[in-house]
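Trainee:
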Ligand SMILES: Nc1ncnc2c1ncn2[C@@H]1O[C@H](COP(=O)(O)OP(=O)(O)OP(=O)(O)O)[C@@H](O)[C@H]1O
Ligand SMILES: [Mg+2]
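Chains as they are written, first to last, in this note's numbering: chain P, 1 to 523; chain X, 1001 to 1365.
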């Protein structure tokens, strides 16, 4: 591991000992019931620097960030701002010290305009709000960091990437010098990630500090000046210097072994048709969400659907799962018609479904892991929890879920571990043996080790003869797992190609709607 | 000017178990303390008042049986409220459903009582009372489950309608329910076969044991059965319910109907127990509203309701007897009831937040 010392563009040199760090945390300990989330963690960041927190799911990254911005309080340890000791009893106190966090789940008021959201909660508001003035002020702040946004746009109508920008502008407007971005790229498409990174560079050039959290190692290599690796709540590694470690090294540093994410394809001839979709169209509130979709997925085959978020993927998955009735067309699973018959019927035909949203759709936040396993299974009138206990414990081990046991409440799991619970339930079969598996963004928010596990499990399911429909925005994932790849654009399938020979550029162009080969060959 | 320290609310990541018991007890203590201030201000001795209340509510043998007797209906209306509340359905019309349950079971006692033996009549009266309560919430339940119309407004408004209904049957001369020859309007007593005997000379009826079993049954229903599981899923995340194929409309409807039926059953218990007729005094007692307070105090936990219901009944019987034994204002009991509700709801803040004092220091620029 190289650790070339690296001069940061404008910030003070941290090893020089002259100027203190912009923000530093010392011997931080944070304990949750049954978990030591942060164990004697030291962390510091200089002005103008991007410092990345890297680590497995449940390593304690979000917890550390939450303490740096005042959301949680450490059990012991202390925090210095420009060398002076500060206490951060609340996020508001964090803001007073120029520290703000952009959470993965945005906290914006959808009905308000961008400018209204940005000024919301700032102390200098008068009773009467002069819209023109705040619009101008907000636009000016945004412009100065190269984050153009329309202050009058209604937040509810913005894309995820734009909303994230609003959160960042809000933090800057409130005077943030240090921004904590918790998995900001998990919800962005590649073009938006590029845009975000331009913004990050503009902000660091202006002397701001960025604490960045991500599981995507390519991004980490690209943007970080320094990387701190956490494992089981402890700091286990440092990398200093932009681009001084490659993704493979980072992965090893993180999980302590080599990671293999090589492409995998169906290894034996595929079987008969399991999922048949015929001319499915869906119109919601007068908008055509899906138009004339037809394709099949065979036993032992994985079909990938690539596309930019919001092009009908979610609705397609919900239609197959029986949650939405298509306006026209039909869906059948294992030869039996499942259109209009509801989700339980679809599951009885052998469907398992990992939806895009985990907490709130796939999982019930207030319920335990055990009760969440029951969500899509047959339940007797008197719910028999005791007999599920061993299986729950086994799944927790198998998927390496960091939890106190089957009684751990879903809301209190780290983001990646919640995703693992959902996958564990859906992949372990429910009412009947699984024949068809519909998985949406299965590895979003997972660490590389877990991604490897999930890919192996998906591949095993394929080898066992299950038909798999993989819907993801992660093009790498689609291309390295799928036997056939479809591209969905504005609710229609606009491109089809075998996975093995798929060309990244062509598929990318089709995702952007630049495809010349419109629907052919899949009818 | 700056205070040297400041109070801050810090969100708890986990609510300690002991707070589940401490908060309700502290609510009661705090309410009693407010009562002290009022009693002082109005020139009564707080110590004497409270010790009389305690004596009359819990410590004497007639006191404790009166209290348990009183708690019977209160527990019933409290489980009615809690059953809906646990699914974030705010049925605050338990009062009206209780009136209708009372009206229907009085009818059963008057019309069927003379023809049927006690062991048939008692269940019949209770079932008819429960059905009437369910019927009274049917419309609010239906529009809530189909259209999302606020059940708070509809159930409350129907309570006034129900109050007018029973007043009509009591005060209209020649009414089927009215006793013919009394000076003041009064209801006709139902047939003996529709009444249970109290234990000895007390005011405690066997319905008390029934209602305790009922509360325990509901506890089991919610914690251990698939029905309770569905309720939990829907109340936490409706979208997860949809994903799992759980029919939220149907469950909403059934939960509200059961809530109404339980309140109606409370009315029936008054008929088979201590009251035995359509009594004009019922509208002053507010059993339905008190049930809401008891449910809140117990945080909708059905087994805790048994305890908070008895506690509450003790305050009431103690308060009522004050009026007879001393010249203390009886309204102290009602006032305490309101204060307890406020503190119990306010106590939620303590369960969710930790309150800390921090020294304020000028922020270094
Ligand atoms: N509010 C909480 N109550 C109890 N345990 C918690 C709570 N929040 C986090 N934890 C636990 O603390 C540990 C660290 O969680 P944290 O959210 O910091 O992980 P993370 O590194 O951000 O992981 P991920 O990459 O999956 O988001 C986990 O084991 C988690 O289960
Ligand atoms: Mg996290």
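C-beta atoms are modelled at their ideal positions from N, C-alpha and C, and glycine is treated no differently.
Bear in mind that the values here come from a model prediction, so they are computed numbers and not experimental data.
Examine chain X for any beta-carbon lying closer than 8 Å to the beta-carbon of residue 91 of chain P, and answer yes or no.
Mentor: For residue 91 of chain P, no Cβ of chain X is located within less than 8 Å of the residue's own Cβ.
Trainee: Return the first residue and the last residue of the beta strand (DSSP E) that residue 295 of chain P is part of.
Mentor: 287 to 298
Trainee: Answer yes or no: do residue 494 of chain P and residue 235 of chain P have a C-beta to C-beta separation smaller than 8 Å?
Mentor: No; because the gap between Cβ atoms is not below 8 Å, this pair is not in contact.
Trainee: Pairing CB atoms from the segment 498 to 511 of chain P with CB atoms from the segment 322 to 335 of chain P, are three or more of them under 8 Å?
Mentor: no
Trainee: Looking only at DSSP bridge pairs, what is residue 278 of chain P linked to?
Mentor: P/330
Trainee: What does residue 381 of chain P touch in chain X if you count any residue whose Cβ is under 9 Å from its own?
Mentor: The answer, in chain order, is 1225, 1226 and 1227.
Trainee: Measure from the alpha carbon of residue 1342 of chain X to the alpha carbon of each residue in X/1030, X/1321, X/1018 and X/1016, then state which is nearest.
Mentor: X/1030
Trainee: For the structure I just gave you, are there three or more beta carbon pairs, one from the segment 52 to 62 of chain P and one from the segment 240 to 254 of chain P, closer than 8 Å?
Mentor: yes
Trainee: Is it the case that the segment 1168 to 1184 of chain X contacts the segment 1094 to 1102 of chain X, given that we only count it when at least three CB pairs across the two stretches are under 8 Å?
Mentor: no
Trainee: Should residue 357 of chain P be listed as close to ligand 1, given that the test is whether its C-beta is under 7 Å from any heavy atom?
Mentor: no
Trainee: Residues of chain P with CB under 9 Å from residue 1233 of chain X, in chain order?
Mentor: 364, 367, 371 and 375
Trainee: Does ligand 1 have a heavy atom nearer than 7 Å to the CB of residue 25 of chain P?
Mentor: no
Trainee: Given that a residue counts as buried once 16 or more other Cβ atoms are within 10 Å of its Cβ, and exposed if not, what is residue 1404 of chain X?
Mentor: Limits of chain X in this structure are 1001 at one end and 1365 at the other, which puts residue 1404 of chain X out of reach.
Trainee: Starting from the beta carbon of residue 1245 of chain X, find every residue of chain P whose beta carbon is closer than 9 Å, and list them in chain order.
Mentor: Under the 9 Å cutoff, chain P gives 322, 323, 342, 343, 344, 345, 346, 347 and 376.
Trainee: Measuring alpha carbon to alpha carbon, tell me which of X/1337, X/1353 and X/1348 ends up nearest residue 1033 of chain X.
Mentor: X/1337
Trainee: At 4 residues or longer, what runs of the alpha helix (DSSP H) sit wholly inside the segment 1039 to 1093 of chain X?
Mentor: 1046 to 1054 and 1061 to 1085
Trainee: The alpha helix (DSSP H) that contains residue 484 of chain P, what's its start and end?
Mentor: It is not in any alpha helix (DSSP H) - residue 484 of chain P instead sits in the beta strand (DSSP E) that spans 484 to 489.
Trainee: With respect to 7 Å, is the separation between the Cβ of residue 1201 of chain X and the closest non-hydrogen atom of ligand 1 below this value?
Mentor: It does not: the Cβ of residue 1201 of chain X is nowhere closer than 7 Å to a heavy atom of ligand 1.
Trainee: Report the neighbours of residue 1254 of chain X on chain P: residues whose CB is nearer than 7 Å to its CB, in chain order.
Mentor: Chain P residues near residue 1254 of chain X: none, gap ~14 Å exceeds 7 Å.
Trainee: Considering only the alpha carbon of each residue, which of X/1280, X/1091 and X/1313 lies closest to residue 1189 of chain X?
Mentor: X/1280
Trainee: Hey, out of P/407, P/412 and P/451, whose CA is closest to residue 423 of chain P's CA?
Mentor: P/451
Trainee: Can you check whether the CB of residue 1310 of chain X is closer than 8 Å to the CB of residue 1319 of chain X?
Mentor: no
Trainee: Could you spell out the range, first to last residue, of the alpha helix (DSSP H) harbouring residue 1256 of chain X?
Mentor: 1248 to 1272
Trainee: Would you call the CB atoms of residue 1258 of chain X and residue 1085 of chain X closer than 8 Å?
Mentor: no
Trainee: When we look at the beta-carbon of residue 317 of chain P and count the other beta-carbons within 10 Å, is it buried (16 or more) or exposed?
Mentor: Buried, by the Cβ-count rule.
Trainee: Count the other CB atoms, across all protein chains shown, that sit within 10 Å of the CB of residue 219 of chain P; report buried if there are 16 or more and exposed otherwise.
Mentor: buried
Trainee: Residue 1240 of chain X touches chain P at which residues, Cβ-Cβ below 8 Å?
Mentor: Chain P residues near residue 1240 of chain X: 360, 361, 362, 363, 364 and 375.
Trainee: Take every Cβ of the segment 295 to 307 of chain P, pair it with every Cβ of the segment 466 to 478 of chain P, and state whether three or more of those distances are shorter than 8 Å.
Mentor: yes
Trainee: Does any heavy atom of ligand 2 sit closer than 7 Å to the C-beta of residue 414 of chain P?
Mentor: Yes, ligand 2 has a heavy atom inside 7 Å of this Cβ.
Trainee: Look at the alpha carbon of residue 1296 of chain X and the alpha carbon of residue 171 of chain P, and state the distance between them as a whole number of angstroms.
Mentor: Answer to the nearest angstrom: the Cα atoms are 39 Å apart.
Trainee: Counting only Cβ pairs nearer than 8 Å, list the residues of chain X close to residue 355 of chain P.
Mentor: 1243
Trainee: Quick check for students: name the residue ranges of the beta strand (DSSP E) that lie wholly in the segment 170 to 219 of chain P, counting only runs of 3 or more.
Mentor: 178 to 182 and 209 to 213
Trainee: Using DSSP with H/G/I as helix, E/B as strand and the rest coil, what is residue 1331 of chain X?
Mentor: helix
Trainee: Could you tell me which whole alpha helix (DSSP H) segments of length 4 or greater appear in the segment 328 to 412 of chain P?
Mentor: 342 to 348, 369 to 373 and 389 to 398
Trainee: Please report the Cβ distance between residue 1196 of chain X and residue 1185 of chain X, rounded to the nearest whole angstrom; I am assuming they are in contact, meaning their Cβ atoms lie under 8 Å.
Mentor: With a Cβ gap of about 26 Å, residue 1196 of chain X and residue 1185 of chain X do not count as contacting.
Trainee: Taking 7 Å as the cut-off, is the beta-carbon of residue 380 of chain P closer than that to any non-hydrogen atom of ligand 2?
Mentor: no
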